[in-house]
Structures are given as structure tokens and as C-alpha cells.
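Colleague: For the sequence shown, my numbering assigns the number -13 to the initial residue and increments by one for each residue that follows. All C-beta atoms in this analysis are idealised placements derived from N, C-alpha and C, irrespective of residue type, glycine included.
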Amino acid sequence: MARRKKEPGFDDFDWIEEEMRKLLRAFDIGELREGEPLIYGFNVRIGPEGEPIVEQFGNVKPDEEGKPSLSDTREPLVDVIEREEDITVMAEIPGVDKEDIKLHLTETTLTIDAGRGDKSYHRKIKLPAQVKKEGAKAHYKNGVLEVVLKKVEKSKPKETELKVE
């Protein structure tokens, strides 16, 4: 049976399949440490231009050679929801208390650092729009961090009436 021509946007799925094959090969040759939890996942969503966006999370990352390596710091699963006036960032960071969470905010990025005992998390998130530092709110409950950020208001063009001479 002849292979069908791929639709645009499916290259990311080929990449995911190849990454999974690499991970399976690493397990076969015992490169990863035994007895430690392995967390690897990916989130696929459709971007504003209609293209798929693939984001990885977990504690298994490729090293300089592209081989999977285990990190002590886990990258949490994050969802960014953009609305007209604000941006909400949701992050899964179970096993810590709210006092263990450190958030750092710039106009375009949010960095999450958290740790307690053997659990450690880090993620730098590029925000889809500029945000204000004032009015930012963060809540943590049942292992889920929710951060609500107000967007910087775009200046509206001023309209001036011109007289025809």
C-alpha cells in the first residue's frame, strides 16, 4: 500500500515518535539510574497561527549528545491560558507547600522554582504577551499552582479630526 502524503504540521508527531524510540533504546542499555522515578511527557496544543506546539515536561532530558539523561529537577506540566485582559498559568507541582514555591516575573517570562525534600521543580515560561507586575496573584492548592497576570494595556491610537481646506 502506498504511503499517503503527510499533511502540514505532522512533523512534530514524527519528532515525538523518534524521541520515544530514543528513550526506549536508553532503557535497553541501562543508561538511566535504577530506582528513581522517570517522568517524561509532552503537551501538544494548537498555537495562535494554527500550528501545533509541542512542549516537553518531566525529569528526563536529552544531554549534549541527544541521549536521555535523568535530572534531579523536574520540569512541571504547565498550561498557559491567554484571555483578553489577563494570562493564567497553571502548573502541576505536587509534594511541596506554598512556602516552598518561588516565583520570578518579568514583563515576558514567569519562572517557577519549588522544592521540598527529594522533590524539585524548575520551569521558565515565555508568556504570550507583556504583563504587569502589579496585581499579579498566585494560589496553590492540591498540587496545582495558579498564577493570574494582568496584561499590559496596549495604547489605543488617538483619533484627531482633520479639516479639509
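Nearest-angstrom Cα distance between residue 132 and residue 97?
Modeller: Linking residue 132 to residue 97 through their CA atoms gives a straight-line distance of about 13 Å.
Colleague: Is the segment 96 to 113 touching the segment 79 to 86 in the sense that three or more CB pairs, one from each, lie closer than 8 Å?
Modeller: yes
Colleague: Look at the Cβ atom of residue 109, then the Cβ atom of residue 64, and state whether they are nearer than 8 Å.
Modeller: In this structure, residue 109 lies near residue 64, with their beta-carbon atoms less than 8 Å apart.
Colleague: Figure out for me which residue from 4, 44, 75 and 119 has the closest Cα to the Cα of residue 130.
Modeller: 75
Colleague: Am I right that residue 138 and residue 116 are in contact with their C-beta atoms under 8 Å? What's the rounded C-beta distance?
Modeller: 4 Å
Colleague: Going straight from the alpha carbon of residue 43 to that of residue 78, what length do you get?
Modeller: 10 Å
Colleague: Which two residues bound the contiguous beta strand (DSSP E) that contains residue 66?
Modeller: 64 to 68
Colleague: Within the same chain, show all residues whose beta-carbon is closer than 6 Å to that of residue 125, passing over the 5 residues directly before and after it, in chain order.
Modeller: 132
Colleague: Taking only runs of the beta strand (DSSP E) that begin and end inside the segment 54 to 126, which ones reach a length of at least 3 residues, in chain order?
Modeller: 54 to 61, 64 to 68, 72 to 78, 87 to 91, 95 to 102 and 105 to 112
Colleague: Leaving out five residues before and five after residue 1 in sequence, what residues of the same chain have Cβ atoms less than 6 Å from its Cβ?
Modeller: none
Colleague: Taking residue 59 and residue 26 to be in contact with their CB atoms under 8 Å, please state how far apart those CB atoms are, rounded to whole angstroms.
Modeller: Not really, about 14 Å apart at Cβ, beyond 8 Å.
Colleague: What is the rounded straight-line gap between the Cα of residue 15 and the Cα of residue 4?
Modeller: Unreliable placement is indicated for residue 15, whose pLDDT of 47 sits below 50; no coordinate value is reported for it.
Colleague: Assuming residue 89 and residue 119 make a contact with CB atoms under 8 Å, what is their CB distance in whole Å?
Modeller: Contact doesn't hold; Cβ gap of about 11 Å is too wide.
Colleague: Looking only at DSSP bridge pairs, what is residue 193 linked to?
Modeller: This structure cannot settle anything about residue 193, because the visible part of the chain is limited to -13 through 151.
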